[in-house]
Amino acid sequence: MNKRLLMICYYFPPLKDVGCKRSVAFSRYMRKYSWEPIVLTVKNPDRTYCSVGYETGPSGIRVEYSRSIANVYKFFGKANGLVHRIANLFGAKLHRNYFLELFCIPDVFWGWIPLTAFRAKKLAEKYDVDAIYVSCSPWSSAIIGVLVRKCTDIPLIIDFRDPYGLEIPWIKDVAPTIRIRKIVDKWLINKILDNTDLFVVTTEETRDLYCEQYPQVRDKICTIHNGFDTEFIPTELQPIKFSKFTIIYTGEFYFYALKSEAFFEAISLLKTRKSIDEDNFQFLFYGDGRHQIKQLARKYDIEDLVNANGRIPYTDVLEALRKSHLQLLRIVKPMISTKLFEGIPMNVPFLATIPQGEVEKIIKTYSPSSYLVTEDSAPKIADAILDAISKYNNNEIKPNRVSEFLERFSREKLTLKLKAEIEKVLNRKKE
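Under my numbering, the first residue of the sequence shown carries the number 570, and numbering increases by one thereafter.
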């Protein structure tokens, strides 16, 4: 008889945010390898915070729903705006949303906890599930998982797609929090980790930080990277590249966490030297930050070289990526952008303006023609672009090691790793 896995996933189709991809892949491949997933997701997602589409989950997966009793993001946003306007009348400036910090613990999705915890317990008992998997964020989902575990004693697997409760320097700088919130978050993450049987994170650097700051997880933490789903590997031949030398970037540009001007300054330097122009070069952007991209293009007088657009469907992103010459890669440590796992299978080298560490090692291993610029240096970025143009013109670009990469980072292989880790937990419970 197949084992059963209750998967508590706020982000699941018809939501189309990037957070859905991991859970969708896990559900599909767990089913392929003799587990029966039962997915519990949200019936009424917060549409001011999430992107809702029309796709359904994988074929053959049972999907159940529960409602959030309150979607508060929009309400507290309006309340914060009112308080800011009142403060401005008295010459005061507020630099944070205190409503979110004080009333949205652990996050704005707390309204999903009550009904979902009750529904999850009922489903766990009805289907006699062997384990409970919880995908986070939202962190409210972790609370649901802990409540159900306490009621049922069913092993709990918590999967943190992003870190929560870690002391990370850049977060202190860009998102300072009040002292009471730090205390509550610390208490909450300790409770979550104490009641977790298997704790999954997405990078080795994240794993190291949790082991350092929360020693109780050392014997139950594992890394399962985000990876790439081989169903998106193109079957047709490599398409003809764009007629202009194209550097592409898709998704979040991380303006809130990273310096962003060196790349645009580098393009400006090359334009000033007449090394590139609008006839032979473009920076192609797809994402929500297009207005800020256009502002930087105006600042550096490179509007003719920058093509900034909004979001496009995922398959169109991959097609544009394949037709590009370089993929700009930026990361916010300790996380790893999903763009790393897309660029290598699409056989496109990176222009990676990143710090040294885990991502650097992966690129060096699987993408021999990529460029690694570990300093915030416009001249060095400009030199890398020029060298890439020269190598493309001389047919000197080496292909990525796609097969080796997928052997380690395909989502199917990573799901098998998750399956093995869950089965270890179940075997320990039997002992």
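The beta-carbon is built from N, C-alpha and C at its ideal position, and this holds for glycine as well.
DSSP three-state call for residue i: helix, strand or coil?
i	result
Val981	Note that residue 981 is Glu in the sequence shown here, rather than Val. Three-state result, Glu981: helix.
Glu872	helix
Ala639	coil
Cys578	coil
Trp604	strand
Val550	With the chain covering 570 to 1000 only, the question about residue 550 has no answer from this structure.
Ser939	coil
Cys619	coil
Asn613	coil
Gln807	coil
Asn962	helix
Ala700	strand
Thr625	coil
Asp728	strand
Val632	strand
Lys828	coil
Arg688	helix
Leu584	strand
Arg970	coil
Thr746	coil
Lys843	coil
Ile752	helix
Glu990	helix
Asn916	coil
Gly926	coil
Phe833	helix
Glu781	helix
Ser893	coil
Pro1005	With the chain running from 570 to 1000 in the structure shown, residue 1005 is simply not present.
Within a Cβ cutoff of 8 Å, which residues of the same chain sit near residue i, ignoring the five residues on either side of it in sequence?
i	result
Leu574	Met599, Trp604, Glu605, Pro606, Ile607, Val698, Asp699, Ala700, Ile701, Tyr702 and Ile991
Val593	Phe581, Pro582, Gly626 and Pro627
Pro683	Ile638
Met904	Asp731, Pro732, Thr771, Thr772 and Thr775
Thr884	Phe801
Lys760	Val715
Report all residues from its chain with a CB closer than 6 Å to the CB of residue i; omit the five preceding and five following residues, and keep chain order.
i	result
Tyr818	Phe854 and Leu897
Leu725	Ile701, Gly714, Arg718, Thr765 and Asp766
Ser906	Ile900
Ile845	Leu839
Leu865	Phe833
Ser704	Cys578, Ser592 and Asp728
Ile958	Phe814
Leaving out five residues before and five after residue i in sequence, what residues of the same chain have Cβ atoms less than 7 Å from its Cβ?
i	result
Glu736	Gln782
Asp952	none
Ser979	Gly796, Phe797 and Thr799
Asn849	Lys813 and Phe814
Tyr823	Arg899 and Val901
Tyr602	Leu985 and Lys988
Glu847	Asp873 and Leu874
Leu909	Leu898, Val928 and Ile931
Glu973	Tyr935
Pro968	Asn916
Lys755	Gly734
For residue i, list the residues DSSP reports as bridge partners.
i	result
Ile790	Phe768
Thr934	Its beta-bridge partners do not exist; DSSP assigns none.
Asn878	Tyr855
Ala921	Leu898 and Leu941
Thr819	Tyr855
Phe850	Phe814
Phe797	Ser979
Arg573	Glu605
Asp705	The displayed chain sequence assigns Cys, not Asp, to residue 705. DSSP lists Phe729 as partners of Cys705.
For residue i, which option in the options has the closest C-alpha, if you only look at C-alpha atoms?
i	options	result
Ala639	Thr685, Ile630, Tyr602 and Arg631	Thr685
Leu757	Ile712, Lys691, Ile723 and Pro724	Ile712
Ile816	Leu985, Thr922, Trp679 and Lys828	Thr922
Asp766	Phe811, Val717 and Lys813	Val717
Trp681	Glu774, Met570, Asp754 and Lys612	Lys612
Arg970	Ser939, Phe678, Ile954 and Lys949	Ser939
Tyr580	Ile950, Tyr733, Ser706 and Pro903	Ser706
Lys690	Thr721, Pro675 and Asp676	Thr721
Ile577	Leu584, Pro803, Lys590 and Tyr634	Tyr634
Pro918	Ile793, Asp885, Gly926 and Pro937	Pro937
Arg977	Phe768, Ile793, Arg591 and Ala947	Ile793
Asp615	Gly629, Lys751, Thr943 and Arg636	Arg636
Gly629	Arg597, Phe678 and Val621	Arg597
Leu995	Arg750, Pro784, Lys789 and Val632	Lys789
Write down the C-beta distance between residue i and residue j rounded to the nearest angstrom, noting that I regard them as a contact closer than 8 Å.
i	j	result
Gly856	Glu821	6 Å
Asp728	Lys828	That pair is no contact at about 31 Å.
Pro914	Leu975	6 Å
Ser710	Trp679	So it is not a contact: roughly 10 Å between Cβ atoms.
Val942	Lys933	Contact flag wrong, Cβ pair sits at about 13 Å.
Would you say residue i reaches chain D, if we count a Cβ-Cβ gap shorter than 8 Å as a contact?
i	result
Lys982	Judged by its chain identifiers, the structure shown contains no chain D, having just a single protein chain.
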